[in-house]
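Here's the structure, in structure tokens; my notes come after.
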Amino acid sequence: MNAKLAVGLSPRTVKHILVTLGGALAVALKDGQIPRNVAALVDPPRVPQSELQVFNGDEARAFLDAARSSRFEAAYTAAVAVGLRQGEILGLKWEDVNLETGVMTIRKALQTKSARSRRTIELPAVCVSTLARYKSDQAAVSFTMQTYAHVLAEVQKQVATKMDEILMPKPVATRVATKPASGLIQ
């Protein structure tokens, strides 16, 4: 693993490699194909916690203004307004959104959510109006695992493009809006 770090891979990537290899070796061990799982003997590299980068009010408004014509405008608005993560946005269905009461229930992400992570969120007016506009144009807000990688790549590319357009530093794409800015964008 040190060799992987030495050639420039990030600690997170090296840890991911170790976990993947360890899982494969665990199956081989269980099937009796190897005498032990050597990956279990390796200490994973420490993954430094990166500082969460969030929008301030002006940045949130500028980003949402720039995203206004995007086909992902509703997703961006939900992410920024209430702090949804990418997997939560992509796991949404219209049955999770009540536009009349302005409430959204997060039941699942692309991966199964634990009972503790399920929650109901009051939506700010800007989010309700954007979702209502989006719903009138779309039959559903739900993606499958097969489309996730494509959609995520497109969303990340568009986020980077929008950030360039409004001359903002690019935050870590998966963390761009994990802290809600609803009070900032009213």
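All residue numbers for the sequence shown refer to our numbering, where the first residue is 2 and numbers rise by one.
For every residue, glycine included, the Cβ atom is placed at its ideal position computed from N, Cα and C.
Check residue i in the structure and name its three-state DSSP category.
{"i": "T121", "result": "strand"}
{"i": "V55", "result": "coil"}
{"i": "T106", "result": "strand"}
{"i": "N3", "result": "helix"}
{"i": "V98", "result": "strand"}
{"i": "E137", "result": "Strictly speaking, residue 137 in this sequence is Ser, with Glu absent from that position. Here S137 sits in helix by DSSP."}
{"i": "F73", "result": "coil"}
{"i": "I18", "result": "helix"}
Can you name, in chain order, every residue of its own chain whose Cβ lies under 7 Å from the Cβ of residue i, other than the five neighbours on each side?
{"i": "L65", "result": "Y77, T78, V81, I186"}
State yes or no: is the C-beta of residue i within less than 8 Å of the C-beta of residue j?
{"i": "P46", "j": "V8", "result": "no"}
{"i": "G88", "j": "A110", "result": "yes"}
{"i": "V104", "j": "L132", "result": "no"}
{"i": "E96", "j": "Y135", "result": "no"}
{"i": "L100", "j": "V129", "result": "yes"}
{"i": "L19", "j": "M2", "result": "yes"}
Mind checking residue i: buried by the 16 CB within 10 Å criterion, or exposed?
{"i": "G33", "result": "exposed"}
{"i": "L91", "result": "buried"}
{"i": "L124", "result": "buried"}
{"i": "A141", "result": "Bear in mind that the predicted position of A141 carries a pLDDT of just 47, short of 50, making it too unreliable to give a figure here."}
{"i": "I35", "result": "exposed"}
{"i": "L42", "result": "exposed"}
{"i": "L6", "result": "exposed"}
{"i": "L53", "result": "exposed"}
{"i": "A1", "result": "With the chain covering 2 to 187 only, the question about residue 1 has no answer from this structure."}
{"i": "A25", "result": "exposed"}
{"i": "A4", "result": "exposed"}
Once the 5 residues before and after residue i are set aside, which same chain residues still bring their CB inside 6 Å of it?
{"i": "A27", "result": "N38"}
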